[in-house]
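Comments concern the structure below.
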């Protein structure tokens, strides 16, 4: 889809295509996971594609699919607000930078209004919009990797740094990049400096600018490389056949454990510990950290409800900092204060954590399970000792 976008804006140089297609997608590689933001990235690229197509053909019917895109987007991810902002800015540039009739301006205004109204057709209606700005102002954002400013000492930000350098270099070329795309690129650059998770949007917009600036006239040999891309774009069945054959070979030879990771790794998630909890039906409320909380929901629901999971923005700053204080032992000399507050009866935690060390040396808690990565503590109460004697493991 991104390749089609680059071709739509007139980028024909294989050099420009190779550079942008190899670097831009990798900027968000840390976010390649089963999460709604992947859908948001796809819909953002599709939105840019339609906007650039409209700029070229001047036919407003090109944008008639936009309301459908935003209807789906608003029910998948909060990134639809970025899409609305991008659409509004781009169309405003068209209105003030092109010779457009008043009738066309009215139609564009109506289209923007419809796009906004369809985003209200979600379970939370208008509340998503103030919620977007609410989570943007949470204090916890300063402590979460993807919502912090990029750490340029981290190797994961290397593609981000490369595309910044390419953008600066490309702007020295004596070519006139689209003013609209330059404005969007600058806006998303500032946004990505505030929150790393916005870096893919910066990459998508800056990739177009880089491609336009590096769009050199290809010679005969380089032009042959472009033809390869074009054959893929036209729906050649050869790549599909190759993928099917490779996947079939992987399944037939038993390599799927290395190629396709189905399920959860017991070296990263408390798979064995959760199976133990289900088998012995540990009573009471569970406490786990935010990262394992998501797996606990998957594995233990509906028998148990977690105290916190990785959707930290939903819990708010208060619970986040309480969880952090309890988990890391910072600003909280006694984690029991927080565990008592939420009536926690058992704790599922990583072995090598300050909280695990604290509970292991606290007579108020009993260690009833341990494996290579996880440990389970149970409150040392008369009720729990009776449960241990009747249903629990032998200690």
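Residue numbers (the working numbering): 16 to 410.
Cβ atoms here follow ideal geometry from the backbone N, Cα and C, with glycine treated the same way.
Nothing here was measured: the structure is a model prediction, and the numbers come from that model.
Q) Excluding five sequence neighbours on each side, which residues of the same chain lie with their C-beta closer than 8 Å to the C-beta of residue 206? A) 213, 216, 217
Q) Which residue spans inside the region 272-341 form an unbroken beta strand (DSSP E) run of at least 3? A) 300-302
Q.
Closest to residue 36 by C-alpha separation, out of 312, 224, 168, would be which residue?
A. 224
(Q) For the region 318-325 against the region 292-303, do three or more pairs of beta-carbon atoms, one drawn from each stretch, fall closer than 8 Å, so that the two count as touching? (A) yes
**Q.** Touching by the beta-carbon criterion (3+ pairs, under 8 Å), the region 114-122 and the region 164-179
**A.** no
Q.
Quick check: the Cα distance between residue 401 and residue 371, rounded to an integer number of angstroms?
A. 24 Å
Q) So what does residue 391 bridge to, in DSSP terms? A) 363, 384
**Q.** Reference residue 52, options 90, 108, 81, 23, closest by Cα
**A.** 90
Q) How long is the line joining the alpha carbons of residue 270 and residue 279, rounded to whole angstroms? A) Below a pLDDT of 50, predicted positions are generally treated as unreliable, and residue 270, at 46, falls in that range; the measurement from the model is reported next regardless. The alpha-carbon atoms of residue 270 and residue 279 are separated by roughly 17 Å.
Q. Taking just the CA atoms, how far does residue 105 sit from residue 175?
A. 24 Å
Q.
Check for me: the alpha helix (DSSP H) holding residue 89 runs from which residue to which?
A. 81-89
Q | Start-to-end residues for the alpha helix (DSSP H) that takes in residue 195 | A | 194-209
Q | Nearest neighbour of residue 127, chosen from 81, 336, 117 [CA to CA] | A | 81
(Q) Any contact between the region 151-161 and the region 191-206? By contact I mean 3 or more CB pairs, one from each, below 8 Å. (A) no
Q) For residue 177 versus residue 71, is the C-beta spacing smaller than 8 Å? A) no
Q: Would you grab the beta carbon distance between residue 203 and residue 228 for me? Rounded to a whole angstrom, and I think it's under 8 Å.
A: Not really, about 17 Å apart at Cβ, beyond 8 Å.
Q.
What does the alpha-carbon distance come out to for the pair residue 134 and residue 140?
A. 8 Å
Q. Does the distance from the CB of residue 60 to the CB of residue 219 come in under 8 Å?
A. yes
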